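Notes for the one structure printed next.
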Amino acid sequence: MGRFAPYANSGCGASSASWRESVSTRFARIRHGKPHHYWADTREAADLLGVTGKRVRQLIRTDLLPAVQATNGRWYFRRAQLEVVAQRP
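Spelled out as structure tokens, the structure:
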């Protein structure tokens with residue numbers, strides 16, 4: 093089992109509409125390029141996971157990485173979840 097597999101079909105991924113809708117309005121206060129204590133953008137996620145931004149988006153599409161898409165089209169991730177995934181072998 094890879095480090096991304098535990099999130100497959102967990103109800104926390106990009107297809108989890110209820111989670112996505114519940115946080116979508118919170119992103120209006122996040123300033124692009126400035127670190128946030130709870131959320132990370134695609135670039136920060138790629139850095140934390142040691143992969144490319146393209147790979148991060150691929151993991152989102154396959155529901156292996158939980159993410160939410162803001163109305164501006166950017167993807168955001170819970171920083172704590174990324175840290176857990178990054179520590180998996």
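The opening residue of the sequence shown carries number 93 in the working numbering; numbering runs sequentially from there.
By construction, the Cβ of each residue, glycine as well, lies at the ideal position given by its N, Cα and C atoms.
Source: prediction; values computed, not measured.
Collapsing the DSSP output to three states places R180 in coil.
Taken atom to atom, the span from the alpha-carbon of Q161 to that of Q179 is near 24 Å.
According to DSSP, Y168 shares a beta bridge with D133 and V160.
Remark: C-beta atoms of L174 and A138 do not approach each other more closely than 7 Å.
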